[in-house]
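*Asks:*
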Amino acid sequence: MFNNKAILITGGTGSFGKRYITHILQHAKPKRLIVYSRDELKQFEMQQTYNDPCMRYFLGDVRDKDRLKAAMRDVDYVVHAAALKQVPAAEYNPNECIKTNIHGAQNVIDAAIEAKVSRVIALSTDKAANPVNLYGATKLASDKLFVAANNISGAKGPRFAVVRYGNVVGSRGSVVPFYRSLLAQGKTTLPVTHEEMTRFWITLDQGVEFVMNSFQRMQGGEIFVPKIPSIRILDLVEAMSGQKHYDIIGIRPGEKLHEVMVPEEMAHHSVEFDDHYVITPAIKFFDKNVDYKKNKLGERGKEVADKFEYHSGTNPHFLTVDELRALDKETL
Numbered sequence: 001m002f003n004n005k006a007i008l009i010t011g012g013t014g015s016f017g018k019r020y021i022t023h024i025l026q027h028a029k030p031k032r033l034i035v036y037s038r039d040e041l042k043q044f045e046m047q048q049t050y051n052d053p054c055m056r057y058f059l060g061d062v063r064d065k066d067r068l069k070a071a072m073r074d075v076d077y078v079v080h081a082a083a084l085k086q087v088p089a090a091e092y093n094p095n096e097c098i099k100t101n102i103h104g105a106q107n108v109i110d111a112a113i114e115a116k117v118s119r120v121i122a123l124s125t126d127k128a129a130n131p132v133n134l135y136g137a138t139k140l141a142s143d144k145l146f147v148a149a150n151n152i153s154g155a156k157g158p159r160f161a162v163v164r165y166g167n168v169v170g171s172r173g174s175v176v177p178f179y180r181s182l183l184a185q186g187k188t189t190l191p192v193t194h195e196e197m198t199r200f201w202i203t204l205d206q207g208v209e210f211v212m213n214s215f216q217r218m219q220g221g222e223i224f225v226p227k228i229p230s231i232r233i234l235d236l237v238e239a240m241s242g243q244k245h246y247d248i249i250g251i252r253p254g255e256k257l258h259e260v261m262v263p264e265e266m267a268h269h270s271v272e273f274d275d276h277y278v279i280t281p282a283i284k285f286f287d288k289n290v291d292y293k294k295n296k297l298g299e300r301g302k303e304v305a306d307k308f309e310y311h312s313g314t315n316p317h318f319l320t321v322d323e324l325r326a327l328d329k330e331t332l
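Residues in the sequence shown are numbered from 1 upward in steps of one, following this note's numbering.
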């Protein structure tokens, strides 16, 4: 579906953007592939590697609606990956997080509607479900904006959907590269915020593949959630360091012990497919009735049980230490 199409990625110089662009160039022949980001140095560095004739680079911030409108002219598909994502930084700089993650999301929506884009997928996070930190709260607000945008755009306007997943292995700012850096410095014990901490775990390639599939599955208004494993933080320490020693440093501002991707409160709005869940809109769209139990690929889902919750601590699939060690080597 991406052949001869124009695709724009906000935050395109980030970990996801680079891997997404690599995947598109390997599996499709897009007409234009547009990187939209605010960091000129990262764009310059990226151009040294990603220099296919279809590549375009736009300097701009999602806070700038006019620049987004210019970048989206004649664009078919948008991936919205730009965000401020560091939990403690958001707690200390709330206004900046709100400007990018909420106001920026609305700007992407407005620009996409004006440019008559076909489909938009916004990347979300497990922290948006029952949020306890500002980052999660802003991403929940962003998710709500993108779902409601299907109503605002009308029957012939762009379709909007959200992809929500957990911690991305090896992405910038995640714990894996942080631990690698400490081990490379000769550290023998790794810092742990709490012994019982669990997290959902997904690789960049899995995240990219899930977004690609979601473009094909979407009807508009869905929050797509992949079925992925969980990890225990102490298992990660053992897998990376080879021993079980660690230092407890305490939970950081806004941090949770466990993460949730489908809250119990949304069970009555959730549908289970073979490899993913869909949280359907809580609001009704005025222009059509959508059967979210059957997606655009013809896949069929079923309603989840009452009080169902997709929780990192009760997830039936946990990676073992050996599996984590193999995954760590794979993502180097």
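Just so it is clear, CB atoms sit at the ideal spot from N, CA and C, and this is done for glycine as well.
#1: Assign Arg63 to one of three DSSP states: helix, strand, or coil.
#2: Taking the straight line between their C-alpha atoms, what separation do you get for Met46 and Leu25?
#3: Measuring only the C-alpha atoms, how far is Gly154 from Leu182?
#4: Where does Ala129 fall in DSSP's three states?
#5: Taking a contact to mean a Cβ-Cβ separation below 8 Å, would you say Thr198 touches Ser171 in this structure?
#6: Could you give the distance in angstroms between the alpha-carbon of Ala267 and the alpha-carbon of Gln185?
#7: Once the 5 residues before and after Lys293 are set aside, which same chain residues still bring their CB inside 8 Å of it?
#8: Could you name the residues that DSSP lists as bridge partners for Glu272?
#9: Determine, using beta carbons only, whether Tyr77 and Arg19 come nearer to each other than 8 Å.
#10: Using DSSP bridges, identify the partner residues of Ile21.
#11: Note down, in chain order, each residue of its chain lying with its Cβ closer than 8 Å to the Cβ of Lys42, except the 5 sequence neighbours on either side.
#12: Just to confirm the assignment, what range does the beta strand (DSSP E) spanning Ile223 have?
#13: Could you check whether the segment 208 to 226 touches the segment 47 to 62, counting it as contact only if at least three pairs of C-beta atoms, one from each stretch, sit closer than 8 Å?
#14: Provide the residue span of the beta strand (DSSP E) that contains Leu8, from first to last.
#15: Under three-state DSSP, which class holds Pro263?
#16: As a quick exercise: from Gly250, Ile202, Val208 and Met240, pick the residue whose alpha carbon is nearest that of Lys227.
#17: Give the straight-line distance between the Cα atoms of Phe318 and Asp235, rounded to the nearest whole angstrom.
#18: Name the one or two DSSP bridge partners that Asn167 has.
#19: Going straight from the alpha carbon of His311 to that of Pro53, what length do you get?
*Replies:* Quick answer:
#1: Residue state, collapsed to three classes: coil.
#2: The alpha-carbon atoms of Met46 and Leu25 are separated by roughly 14 Å.
#3: CA-to-CA, the gap between Gly154 and Leu182 works out to about 51 Å.
#4: Collapsing the DSSP output to three states places Ala129 in coil.
#5: No, they are not a contact pair.
#6: In this structure, the alpha-carbon of Ala267 lies about 46 Å from that of Gln185.
#7: Around Lys293: Val271, Arg300, Gly301, Lys302 and Glu303.
#8: DSSP links Glu272 through a beta bridge to Tyr277 and Lys302.
#9: Cβ distance not < 8 Å, so Tyr77 and Arg19 don't count as in contact.
#10: Listed as beta-bridge partners of Ile21 by DSSP are no residues whatsoever.
#11: Here the set comprises Thr13.
#12: Segment Ile223 to Pro226, the beta strand (DSSP E) holding Ile223.
#13: Cβ pair count under 8 Å is below three, so no.
#14: That run of the beta strand (DSSP E) goes Ala6 to Thr10.
#15: In the structure shown, Pro263 sits in coil (DSSP, three-state: anything other than H, G, I, E or B).
#16: It is Ile202.
#17: Going from the Cα of Phe318 to the Cα of Asp235 covers about 10 Å.
#18: Residue pairing by DSSP puts Asn167 in a beta bridge opposite Trp201.
#19: Between His311 and Pro53, the C-alpha separation is close to 44 Å.
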